[in-house]
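Single-structure report; data block below.
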Amino acid sequence: MSRIVTVQDLSCLGRCSLTLALPVISAMGVECAVLPTALLSTHTGYPGNTYLDLTQEAGRIAAHWQSLGIQTDGIYTGYLAGEAQCRLAMNVIRQFPGAKVLVDPAMGDHGRLYRGLGLEQPKAMAALCGLADIITPNVTEAALLTGLPYTPQPTPDQCRQLLEGLLALGAKDAVITGVPRGAEIGFVGRDFSWFGPRQPWDCHGAGDLFAAVLAGGIMGGLALEPAAALGAWFVGRCLAGGPFSAGGIAFEPHLPELASRLADQLA
Ligand code: PXL
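If you want it as structure tokens, here you go:
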């Protein structure tokens with residue numbers, strides 16, 4: 025059985041980051057160890073969320089694991105707030121050489137950083153991306169990381185430029201997610217892309233859901249393209265049950281289907 029260590033916040037309500045990664049990755053038959061970087065009442069899409077920084081405590085947890093000789097097959101980092109948390113994630117990656125590293129540089133959408141993040145975030149996240157095997161920015165994050173202009177519907181040529189800029193950060197591979205194209209939406213990688221029907225609504229946590237399925241798929245034994253396709257299929261499947269409020273995408277009823285689809289693909 026494979027193990028993933030995931031480094032991201034615990035937003036107590038709102039189906040994103042850890043409350044989503046843990047059930048999704050577990051349902052895919054992969055053990056999910058958690059390194060919570062902050063404790064929030066809700067994600068920052070709700071007004072007035074509480075925020076308790078746990079960077080120091082997460083460092084103590086990682087040090088304890090090191091003293092026990094704990095190993096992991098994969099590391100998956102998500103939303104991180106500030107330079108110290110990105111440095112913590114980089115130290116965790118160095119602690120487990122040989123682990124496959126997925127960095128989802130969750131920090132913004134619709135052309136803007138999430139509320140509460142500082143202007144230093146893209147640079148700190150770019151440094152973390154440099155240590156990754158795979159990064160999964162959305163269109164906004166790809167622009168923030170590369171310094172290229174944000175365009176809501178990048179053309180294939182613009183996607184290629186974004187990918188080049190992302191790989192120049194040092195990441196071994198990159199998939200741009202949530203790329204709109206006419207009535208469709210999909211993802212674009214270096215030598216593959218996929219587009220499917222786009223729901224008239226979007227929802228908080230869609231990027232986290234894609235990344236969690238991708239992480240579970242790769243650690244379960246899939247190659248990058250089929251793992252990304254599984255992620256896109258699952259996000260589409262869950263979003264079709266919407267629209268959803270800030271409480272997030274109701275993915276829970278579909279977890280058995282995700283598990284059986286993964287098993288079929290591995291068979
Ligand atoms: O879904 C990404 C995410 C994760 N964690 C927190 C967030 C967000 C998006 O807003 O606020 C705390």
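If you count by this note's numbering, then the sequence shown holds residues 25 to 291, one letter each, in order. We treat Cβ as the ideally placed atom computed from N, Cα and C, and that holds for glycine.
Short Cβ contact (8 Å threshold) for residue i with residue j
{"i": "residue 205", "j": "residue 219", "result": "yes"}
{"i": "residue 42", "j": "residue 34", "result": "yes"}
{"i": "residue 110", "j": "residue 62", "result": "no"}
{"i": "residue 112", "j": "residue 72", "result": "no"}
{"i": "residue 259", "j": "residue 233", "result": "yes"}
{"i": "residue 28", "j": "residue 100", "result": "yes"}
{"i": "residue 166", "j": "residue 186", "result": "yes"}
{"i": "residue 131", "j": "residue 286", "result": "no"}
{"i": "residue 48", "j": "residue 275", "result": "yes"}
{"i": "residue 246", "j": "residue 182", "result": "no"}
{"i": "residue 17", "j": "residue 37", "result": "There is simply no residue 17 to check, as the chain begins at 25 and stops at 291 in what is shown."}
{"i": "residue 252", "j": "residue 211", "result": "yes"}
Supposed close pair residue i, residue j - CB separation, criterion 8 Å
{"i": "residue 197", "j": "residue 158", "result": "5 Å"}
{"i": "residue 237", "j": "residue 202", "result": "Their Cβ separation, rounded to whole angstroms, is 14 Å, which puts residue 237 and residue 202 out of contact at 8 Å."}
Opposing strand residues paired with residue i [DSSP bridges]
{"i": "residue 100", "result": "30 and 126"}
{"i": "residue 205", "result": "208"}
{"i": "residue 75", "result": "64"}
{"i": "residue 363", "result": "Any question about residue 363 goes unanswered here, given that the chain covers just 25 to 291."}
{"i": "residue 113", "result": "According to DSSP, residue 113 bridges with nothing at all."}
{"i": "residue 198", "result": "159"}
{"i": "residue 35", "result": "64"}
{"i": "residue 132", "result": "137"}
Residue i in three-state terms, based on DSSP
{"i": "residue 172", "result": "coil"}
{"i": "residue 159", "result": "strand"}
{"i": "residue 237", "result": "helix"}
{"i": "residue 56", "result": "strand"}
{"i": "residue 179", "result": "coil"}
{"i": "residue 41", "result": "helix"}
{"i": "residue 23", "result": "What the structure shows of the chain is the stretch from 25 to 291, and residue 23 is not part of that stretch, so it cannot be assessed."}
{"i": "residue 137", "result": "strand"}
{"i": "residue 242", "result": "helix"}
{"i": "residue 264", "result": "coil"}
{"i": "residue 231", "result": "helix"}
{"i": "residue 218", "result": "strand"}
{"i": "residue 255", "result": "helix"}
{"i": "residue 288", "result": "helix"}
{"i": "residue 49", "result": "helix"}
{"i": "residue 95", "result": "coil"}
Length of the line joining the Cα atoms of residue i and residue j
{"i": "residue 102", "j": "residue 244", "result": "19 Å"}
{"i": "residue 143", "j": "residue 91", "result": "36 Å"}
{"i": "residue 321", "j": "residue 119", "result": "Not covered by the structure: residue 321. The range shown for the chain is 25 to 291."}
{"i": "residue 126", "j": "residue 58", "result": "14 Å"}
{"i": "residue 97", "j": "residue 269", "result": "35 Å"}
{"i": "residue 108", "j": "residue 79", "result": "7 Å"}
{"i": "residue 129", "j": "residue 277", "result": "27 Å"}
{"i": "residue 281", "j": "residue 105", "result": "33 Å"}
{"i": "residue 121", "j": "residue 30", "result": "15 Å"}
{"i": "residue 191", "j": "residue 225", "result": "31 Å"}
{"i": "residue 227", "j": "residue 272", "result": "6 Å"}
{"i": "residue 117", "j": "residue 74", "result": "28 Å"}
{"i": "residue 135", "j": "residue 214", "result": "22 Å"}
{"i": "residue 267", "j": "residue 93", "result": "45 Å"}
{"i": "residue 169", "j": "residue 254", "result": "25 Å"}
{"i": "residue 265", "j": "residue 70", "result": "21 Å"}
{"i": "residue 141", "j": "residue 60", "result": "17 Å"}
{"i": "residue 188", "j": "residue 173", "result": "14 Å"}
{"i": "residue 221", "j": "residue 263", "result": "11 Å"}
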